[in-house]
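A.B. asks: Dropping the structure in here first, questions after.
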Amino acid sequence: IKDRESVERLQEPLLDILQKLCKLHHPDNPQHFACLLGRLTELRTFNHHHAEMLMSWRVNDH
1 IKDRESVERL
11 QEPLLDILQK
21 LCKLHHPDNP
31 QHFACLLGRL
41 TELRTFNHHH
51 AEMLMSWRVN
61 DH
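Letter by letter, the sequence shown follows residues 1 to 62 of the working numbering.
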């Protein structure tokens, strides 16, 4: 990512909305938002590793 500030500006309102939805739909679980952020981080890492694996297979096949 070359322009981290732009990405952060785009993410900020989305994270705010996600947090509000978590509070609305899971008022009894104040940690729900934090758990979701953790899962999103895991998915991002998984996606990165998967893309690397696919690129490796493509390079090895040619």
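We treat Cβ as the ideally placed atom computed from N, Cα and C, and that holds for glycine.
D3 to R9, Cα distance in whole Å?
C.D. replies: For D3 and R9, the distance between alpha carbons rounds to 10 Å.
A.B. asks: Just to confirm my understanding: we take F33, look at its own chain, exclude 5 residues before and 5 after, and list those with CB closer than 6 Å. What are they?
C.D. replies: Cβ neighbours of F33 beyond the five flanking positions: Q19 and C22.
A.B. asks: Quick one: give me the first and last residue of the alpha helix (DSSP H) that D16 is part of.
C.D. replies: Segment R4 to H25, the alpha helix (DSSP H) holding D16.
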